[in-house]
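In my numbering, the protein residues as written are 6 to 449.
Comments concern the structure below.
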Amino acid sequence: MWLEGKNALKHRVYFGTNSGNLSLLGTQTNNIFNPGLLDENTEYFWRIDTITADGIITGDEWSFTPKKSKPGTLTSIFYPTEDTYVDSDKPDVNFGGGLSLNLTTPTKDITREAYIKFNPQVDGDIVAATLRLGADRNIDFGIYPVADNSWQEDTMTWNPPNSPPAMGDLPIALKPDLNDGWFVADVSTYFTENGTKSIGLVRAPKSNVRSIQSSESATPPELIIEYIIPTSQTNHSPYFHANTFASTEATANIKYSGDISSEATDPDLDQVIFSKAAGPSWLIVNPDGTLSGTPLPVDVGANSFTMRVTDPSAEFHDGLMSIKVLPVNNVPTISDVPGDGSMPEGVGISYLVTVGDEETAAADLTLSASSSNTVLMPDANIVLGGSGASRHVSVIGASGQSGSTTITLTVSDGTDSASDTFVLTVVGQETTETQTLSLNAGWN
Numbered sequence: 006m007w008l009e010g011k012n013a014l015k016h017r018v019y020f021g022t023n024s025g026n027l028s029l030l031g032t033q034t035n036n037i038f039n040p041g042l043l044d045e046n047t048e049y050f051w052r053i054d055t056i057t058a059d060g061i062i063t064g065d066e067w068s069f070t071p072k073k074s075k076p077g078t079l080t081s082i083f084y085p086t087e088d089t090y091v092d093s094d095k096p097d098v099n100f101g102g103g104l105s106l107n108l109t110t111p112t113k114d115i116t117r118e119a120y121i122k123f124n125p126q127v128d129g130d131i132v133a134a135t136l137r138l139g140a141d142r143n144i145d146f147g148i149y150p151v152a153d154n155s156w157q158e159d160t161m162t163w164n165p166p167n168s169p170p171a172m173g174d175l176p177i178a179l180k181p182d183l184n185d186g187w188f189v190a191d192v193s194t195y196f197t198e199n200g201t202k203s204i205g206l207v208r209a210p211k212s213n214v215r216s217i218q219s220s221e222s223a224t225p226p227e228l229i230i231e232y233i234i235p236t237s238q239t240n241h242s243p244y245f246h247a248n249t250f251a252s253t254e255a256t257a258n259i260k261y262s263g264d265i266s267s268e269a270t271d272p273d274l275d276q277v278i279f280s281k282a283a284g285p286s287w288l289i290v291n292p293d294g295t296l297s298g299t300p301l302p303v304d305v306g307a308n309s310f311t312m313r314v315t316d317p318s319a320e321f322h323d324g325l326m327s328i329k330v331l332p333v334n335n336v337p338t339i340s341d342v343p344g345d346g347s348m349p350e351g352v353g354i355s356y357l358v359t360v361g362d363e364e365t366a367a368a369d370l371t372l373s374a375s376s377s378n379t380v381l382m383p384d385a386n387i388v389l390g391g392s393g394a395s396r397h398v399s400v401i402g403a404s405g406q407s408g409s410t411t412i413t414l415t416v417s418d419g420t421d422s423a424s425d426t427f428v429l430t431v432v433g434q435e436t437t438e439t440q441t442l443s444l445n446a447g448w449n
């Protein structure tokens, strides 16, 4: 479990034992992830990238090493749901948003006491609980039970009406050990079952001020719960990270491929099988989560599928997947220019051509032209006109030149194109008189 970033839409969970090269285990909307069984005395690394409307924010990489646990136990880490401290010297000030939980000895004129609230939830019987509190210097303090959980971190002050609840007389733990920047205390006698519980921190008689890192800091307090799953509940169902998700787009009459293996997780790290419980028949779902098949034109539009992920114990979870099928893009058409022709130099010739496309409006089609002999017929001497489906092409050979050139007319819809070619022969003249020859009486 981690604290969600501001404006977070989804989270990418990276986990592994190779620092700097972690595996993406999935993308999910909630802030809880169970890595399954972990090896003792093995250092694990994890990172959470936050997906927002403005992009992806890469998180910091963290690490931990599971200690030796009781046989058959699982471990989960929980962070405070609320934490704050109160200050007798500032009795009406709330410190719920601070980065630290300040403490001072109650024998001085000023008293500061901290409160932390946890809500552990595990699928089993709790057998051990360990509290870890981040700090940069040693502090002699005690951890006390707090029976009243109604306090709120953003309203608690020293003075009424939001004064702190009373702490119990007998401590849960005293003088926790400081090791590598963490105070570690056994709180197994207090955290024995699921549910919200509060604790209080009180400084032992000393003369200077010390602090604990709060939940708003980079090293928030941690409650590590070890628990045993009853035999009847040893298997956990696999699940899709989101109840609804989308795969990549497809195109009608074109072979499709996709992969949804990263969309699901099995808490027990069992090998799972993907299948299709319902949906259009064109999609093939392979057991490893890869997708294939060829949609037809009748499948154009939004396609919905009920996807299923199943573990070896036949436990399964269904998720709704959507695939948008795009229409096939037909190649545009262009009419044939009738035959090859010849023309005197300096004489203009015009042609009418018709363009079309099944999906694209004729007005949105692009017509272009080129000459294979730009000395005889420069591209600039090919003038295109018209609109919609009716276009015209005017060509004029360069003065003083003769020979042959191939004119290529190309119509494009932005994706595909079609072309028509014809050959023009330019015949040189002894005079410079310019004539106009029309080979198509249908164009003026």
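Ideal Cβ placement from N, Cα and C applies to all residues, glycine included.
Taking the alpha-carbon positions, what's the residue i to residue j distance?
i: Gly147; j: His241; result: 38 Å
i: Gln126; j: Trp287; result: 42 Å
i: Met326; j: Ser252; result: 7 Å
i: Gly21; j: Leu14; result: 24 Å
i: Thr197; j: Asp191; result: 12 Å
i: Ile131; j: Glu221; result: 27 Å
i: Ser193; j: Thr135; result: 7 Å
i: Val151; j: Ala178; result: 13 Å
i: Ile53; j: Gly31; result: 10 Å
i: Ala257; j: Gly64; result: 39 Å
i: His397; j: Phe310; result: 49 Å
i: Leu372; j: Ser392; result: 10 Å
i: Thr162; j: Pro40; result: 38 Å
i: Pro332; j: Pro302; result: 6 Å
i: Phe188; j: Asn167; result: 29 Å
i: Tyr90; j: Leu108; result: 8 Å
i: Pro165; j: Tyr195; result: 28 Å
i: Asp9; j: Asn36; result: It should be noted that the sequence gives Glu, not Asp, for residue 9. Approximately 6 Å between the Cα atoms of the pair.
i: Thr224; j: Asp97; result: 27 Å
Give me the DSSP bridge partner(s) of residue i.
i: Gln218; result: Ser105
i: Met453; result: There is simply no residue 453 to check, as the chain begins at 6 and stops at 449 in what is shown.
i: Asn308; result: Ile328
i: His397; result: Leu357, Gly390
i: Thr57; result: Gly60
i: Ser297; result: Ser262, Ile289
i: Glu66; result: Arg52
i: Val189; result: Arg137, Asp182
i: Val416; result: Leu372, Ala423
i: Asp130; result: Ile233
Helix, strand or coil for residue i, going by three-state DSSP, please let me know.
i: Glu320; result: coil
i: Asp362; result: coil
i: Asp264; result: strand
i: Ala223; result: coil
i: Lys15; result: strand
i: Ala367; result: helix
i: Val303; result: helix
i: Lys122; result: strand
i: Ser409; result: strand
i: Ala269; result: strand
i: Leu79; result: strand
i: Ser212; result: Note that Ser212 scores 46 on pLDDT, short of 50, meaning its location in the model is unreliable and no value can be drawn from it.
i: Leu228; result: strand
i: Tyr90; result: strand
i: Ser168; result: coil
i: Gln33; result: strand
i: Ser280; result: strand
i: Phe250; result: strand
i: Phe245; result: strand
i: Ala255; result: strand
i: Met348; result: strand
Determine whether the beta carbon atoms of residue i and residue j lie at a separation below 8 Å.
i: Glu227; j: Arg142; result: no
i: Gly306; j: Val330; result: yes
i: Val428; j: Ser399; result: no
i: Asp264; j: Gly294; result: yes
i: Glu87; j: Glu158; result: yes
i: Pro169; j: Glu231; result: no
i: Leu43; j: Pro71; result: yes
i: Ser68; j: Phe83; result: no
i: Thr160; j: Asn99; result: yes
i: Ala283; j: Phe245; result: no
i: Thr347; j: Val432; result: Per the sequence shown, the amino acid found at residue 347 is Ser instead of Thr. Contact: yes.
i: Ile328; j: Thr299; result: no
i: Val380; j: Gln406; result: yes
i: Thr78; j: Ile233; result: yes
i: Thr34; j: Ala366; result: no
CB of residue i to nearest heavy atom of the ligand PLP: below 7 Å?
i: Pro169; result: Among the ligands in the structure shown, none appear at all, so the ligand PLP cannot be discussed.
Answer yes if the region 325-343 comes into contact with the region 411-425, meaning at least three C-beta pairs across the two stretches below 8 Å, and no otherwise.
yes
Taking three-plus beta-carbon pairs below 8 Å as touching, is the region 105-124 in contact with the region 200-212?
yes
Specify whether the region 101-108 and the region 173-189 touch according to this definition: at least 3 beta carbon pairs, one from each stretch, less than 8 Å apart.
no
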